[in-house]
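*Asks:* Residue numbers (the working numbering), protein chains in the order written: chain S, 1 to 172; chain G, 173 to 344.
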DNA sequence: ATGAGTGCAAAGGCTTTGCATTAGG
DNA sequence: CCTAATGCAAAGCCTTTGCACTCAT
């Protein structure tokens, strides 16, 4: 259907944008497309061009984006298709939707297409940036959460650590 | 700013409701009202009966509530007044609003009227419950966040740790 | 050909706002 | 009395949905 496997092996550990944020590795884009296609096909969904466009756009940015931002960067993508496909891909485990305020939600690729991370959320402009914890601290966080929830009869799926404050651009 | 140090001993470990959740202490309700009034008056806002009702209701529950739930438990409170006063009290630092899904937001008393805590969020029914981390772990979490954000030029205000999974009622 | 996917426009649903009325100082 | 607060209803805004068209299989 589309054979870009061979093509973009280029984008290694370095960032697409260089705007900082991720310290870790992202799989090459071709790998992301492959995973996305697989997850969708598990749910008997096709990997259409609109869906590929969305994955492409999300992969090209290292921060979660709002729908208007997504549309801006995805020429030819209709709003309703974006919403529909984002919902569908969220259910398929390709996309994650973040809701932190009453206005626009933010969308990013699912963690296992990128890497487990947390978020810096600016109280002034609402922008969100990814951040990664030291692996050992992440481990102890994880086990602390596990113990705590087990004791409460809560079946823990995952955690999210959000850091609120003022981004460099907003000063303080 | 306000000297509740001495008071705090009153409402022992026992809860107002007994519905579990909080392990820590909550100031007595009168103290909460006093703090709420002070914070509002700092912003030249009155502590009206609608506002007192809201604080009263939030103090009587140990989990964040949605607006419909708040209205149910607050006889005579109009929807628009609730929204208006919640927004106003949020700005005054009396109330915190939690947005975790596209439907209803959740509201709770600000942390310094209760206690620093985190949230168990059910992926099935959307309910939210409070949970408290061990003090020493909380401290190391705090310092880890501080170091990380400082390095990023981010001015950290506070953190939120959300644990997603399935609550006891929803089984799994 | 046949069903999924798309795009436009309209509808939904939570939240906010306008405006007349009421309460508080 | 005069300003702030309230309540009802209408408007806003993000998101979802209906429906006809297109595209891929």
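Where a beta carbon is used, it is the ideal one built from N, C-alpha and C, also for glycine. A quick note: this is a predicted structure, and the numbers were derived from the prediction, not measured.
Can you tell me whether DSSP reads residue 26 of chain S as helix, strand or coil?
*Replies:* If DSSP states are grouped into helix, strand and coil, residue 26 of chain S belongs with coil.
*Asks:* When you compare the region 59-74 of chain S with the region 141-156 of chain S, are there three or more beta-carbon pairs, one atom per stretch, that lie closer than 8 Å?
*Replies:* At 8 Å Cβ cutoff, the stretches do not touch.
*Asks:* Three or more C-beta pairs closer than 8 Å, one from the region 195-210 of chain G and one from the region 285-295 of chain G: is that the case here?
*Replies:* Short answer: they touch.
*Asks:* With three or more C-beta pairs closer than 8 Å as the rule, is the region 77-88 of chain S touching the region 256-267 of chain G?
*Replies:* With a cut-off of 8 Å, the region 77-88 of chain S and the region 256-267 of chain G do not count as touching, because too few Cβ pairs lie within range.
*Asks:* Quick one: residues in its chain with C-beta nearer than 8 Å to the C-beta of residue 297 of chain G, no 5 flanking neighbours on either side, listed in chain order?
*Replies:* Closer than 8 Å at the Cβ level, and outside the excluded window around residue 297 of chain G, lie 339, 341 and 342.
*Asks:* Can you find the residues in the same chain that come closer than 8 Å, C-beta to C-beta, to residue 193 of chain G, ignoring five residues on each side of it along the sequence?
*Replies:* With a pLDDT of 43 at residue 193 of chain G, under the threshold of 50, the modelled position of this residue cannot be trusted, and the question is left open.
*Asks:* Just to make sure I have the definition right: I need the residues of chain S whose C-beta is within less than 8 Å of the C-beta of residue 274 of chain G. Which are they?
*Replies:* Per Cβ cutoff of 8 Å: 99 and 105.
*Asks:* Just the chain G side, please: which residues come within less than 7 Å of residue 93 of chain S by C-beta, in chain order?
*Replies:* Correct list: empty, because the minimum Cβ distance to chain G is about 13 Å.
*Asks:* If you follow the beta strand (DSSP E) that residue 97 of chain S is in, where does it begin and where does it stop?
*Replies:* Start and end: 95-98.
*Asks:* Quick one: what's got a C-beta closer than 7 Å to residue 123 of chain S's C-beta in the same chain, skipping five residues either side?
*Replies:* Contacts found: 164, 165 and 166.
*Asks:* Could you compute how far the alpha carbon of residue 253 of chain G sits from the alpha carbon of residue 265 of chain G?
*Replies:* Straight-line Cα distance between these residues: approximately 18 Å.
*Asks:* To the nearest angstrom, report how far apart residue 211 of chain G and residue 238 of chain G are at their CA atoms.
*Replies:* Distance between the alpha carbons of residue 211 of chain G and residue 238 of chain G: 23 Å.
*Asks:* Does residue 21 of chain S come out as helix, strand or coil in the three-state DSSP assignment?
*Replies:* The predicted position of residue 21 of chain S is uncertain, since its pLDDT is 43 and thus under 50; no value can be drawn from it.
*Asks:* Measuring straight from C-alpha to C-alpha, what distance separates residue 127 of chain S and residue 271 of chain G?
*Replies:* Spanning the two alpha carbons is a distance of roughly 15 Å.
*Asks:* Can you check the region 287-312 of chain G for any beta strand (DSSP E) of at least 3 residues that lies completely inside it and give the ranges in chain order?
*Replies:* Here the runs fully enclosed are 290-294 and 300-303.
*Asks:* For a contact meaning CB atoms closer than 9 Å, what does residue 168 of chain S contact in chain G?
*Replies:* Neighbours of residue 168 of chain S on chain G, chain order: 324, 325, 326 and 327.
*Asks:* Express the C-alpha separation of residue 230 of chain G and residue 278 of chain G in angstroms, rounding to a whole number.
*Replies:* C-alpha separation (whole angstroms): 11 Å.
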